[in-house]
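Some notes on the structure that comes next.
Numbering (the numbering used here), first residue to last: 73 to 546.
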């Protein structure tokens with residue numbers, strides 16, 4: 073059995089479907105044919121038994137006129153010639169008078185029991201002296217008036233060939249029709265399998281093409297709304313997502329290369345100046361050397377910050393988190409981010425009002441996003457300025473009193489590496505807000521920047537609430 077199952081699994085799906093259809097139809101045809109043959113056989117045997125019973129009743133009613141009474145009273149009565157079933161008289165002592173037909177039917181113990189009156193009339197099947205199968209009905213018969221014989225029965229038999237020949241013919245007809253049906257089912261199964269699996273073939277060819285050429289622009293036509301159509305739509309969605317991911321990666325590499333070129337070029341220029349001074353023996357003036365070293369340090373710091381932001385973006389650029397989600401306290405996370413922001417802008421006044429709120433997020437990624445928002449506010453706030461932070465029902469606002477962002481630049485603030493022309497001289501890589509946007513969106517929230525009333529910028533971060541607080545909190 074296991075070997076058969078392994079062989080079936082090794083067949084192509086199309087062959088398995090065709091075989092399944094063929095087996096199912098063959099089983100149905102066989103069940104119908106056998107049922108038809110059994111019902112017909114029962115009806116033919118029932119009809120034969122009914123005919124025997126009627127003939128016995130007719131013979132009993134007309135035994136005087138037919139000569140059967142003479143055979144009963146005188147066993148030397150010659151056999152009656154003529155068409156009809158085989159009829160013989162059976163005595164309880166085993167004597168037999170063949171009244172009609174030939175050859176004689178062997179007497180069975182059941183026939184003697186009927187003649188003795190110890191058994192009811194019954195049907196049975198036996199072979200005559202020529203070996204032909206016969207259907208026999210034996211019934212008791214009372215002797216005629218004045219007869220002294222007792223214990224007499226009459227057996228009437230008809231050849232079973234009257235039933236077996238039609239049944240054989242019917243069996244061959246059913247076998248022929250069933251064979252034609254199975255062949256038709258096989259052809260239909262192959263056609264159904266080929267037609268039904270054509271979308272799967274198209275999908276397979278497309279997948280092989282994508283694997284061979286890495287062309288993610290290929291799409292499969294979607295027809296209908298069945299399982300194959302859903303599979304095709306899912307594949308199209310997957311390739312579209314992969315194409316978008318590849319495009320984002322290529323754009324990230326291009327943008328990162330462009331942004332890294334500037335500090336690397338400055339570093340190379342300054343290092344070449346130092347190397348040339350050492351090689352020529354011409355010392356750089358102390359003030360110029362000090363400025364050169366400060367520039368090198370600033371460029372290295374900028375390069376390190378840019379690489380760090382790129383690492384953060386590579387970990388959370390598409391999903392926004394780098395760990396499992398859990399229920400965290402947004403207000404506690406914002407409070408921890410505020411402490412870090414105060415260290416970066418000690419001369420600023422940071423006021424906060426944080427109402428409890430719980431979200432599903434990765435704690436480190438969420439805190440990093442809030443820190444980036446606060447860093448942006450600290451960086452653009454004037455010396456001695458105020459940064460206002462409020463959290464109410466999942467809405468966190470960070471408002472600064474800086475110069476603000478022009479309206480035409482607001483749509484670009486969350487783009488990677490985008491920096492306002494007025495902020496090019498300030499430190500930063502242009503990735504902080506992009507990391508914030510992708511992190512917040514991955515948690516089902518949104519973040520926006522807008523001009524604040526009275527000047528400055530207000531950043532608004534909204535996150536959906538978790539159903540319950542963390543288990544460690546009441």
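Every residue gets a Cβ at the ideal spot worked out from N, C-alpha and C, and that includes glycine.
| Query | Result |
| --- | --- |
| Cβ neighbours of residue 209 in the same chain (closer than 8 Å, five flanking residues each side left out) | 121, 124, 125, 128, 193, 194, 195, 227, 228, 229 |
| For residue 462, the residue or residues it bridges with in DSSP | 425, 469 |
| With 16 other Cβ atoms within 10 Å as the buried cut-off, status of residue 19 | Since the first residue of the chain shown is 73 and the last is 546, residue 19 is not available in this structure. |
| From 358, 519, 368, residue whose alpha carbon lies closest to that of residue 342 | 368 |
| N- and C-terminal bounds of the beta strand (DSSP E) containing residue 194 | 194-199 |
| Residue 118 burial status per 10 Å Cβ neighbour count (16 or more: buried) | exposed |
| Same chain, Cβ closer than 7 Å to residue 485, five either side skipped, listed in chain order | 477, 505, 521 |
| When 283, 538, 258 are compared against residue 101, the one with the closest alpha-carbon | 258 |
| Alpha carbon of residue 202 to alpha carbon of residue 175, nearest angstrom | 7 Å |
| Rounded separation between residue 311 and residue 320 - CA only | 14 Å |
| Other residues of its chain near residue 301: CB distance less than 7 Å, five sequence neighbours each side excluded | 294, 295 |
| Where the alpha helix (DSSP H) containing residue 177 begins and where it ends | Segment: none, residue 177 is in no alpha helix (DSSP H) and carries neither H nor E. |
| Endpoints, the alpha helix (DSSP H) within which residue 405 is located | 402-416 |
| Nearest neighbour of residue 434, chosen from 281, 457, 535 [CA to CA] | 535 |
| Selection from 352, 353, 351, 345 that minimises the alpha carbon distance to residue 361 | 345 |
| CB contact flag (residue 479, residue 442, <8 Å) | no |
| As assigned by DSSP and simplified to three states, the class of residue 309 | helix |
| Residue 232 and residue 207 closer than 8 Å at C-beta | yes |
| Boundaries of the alpha helix (DSSP H) in which residue 278 is found, first to last residue | 270-285 |
| Residue 337 burial status per 10 Å Cβ neighbour count (16 or more: buried) | exposed |
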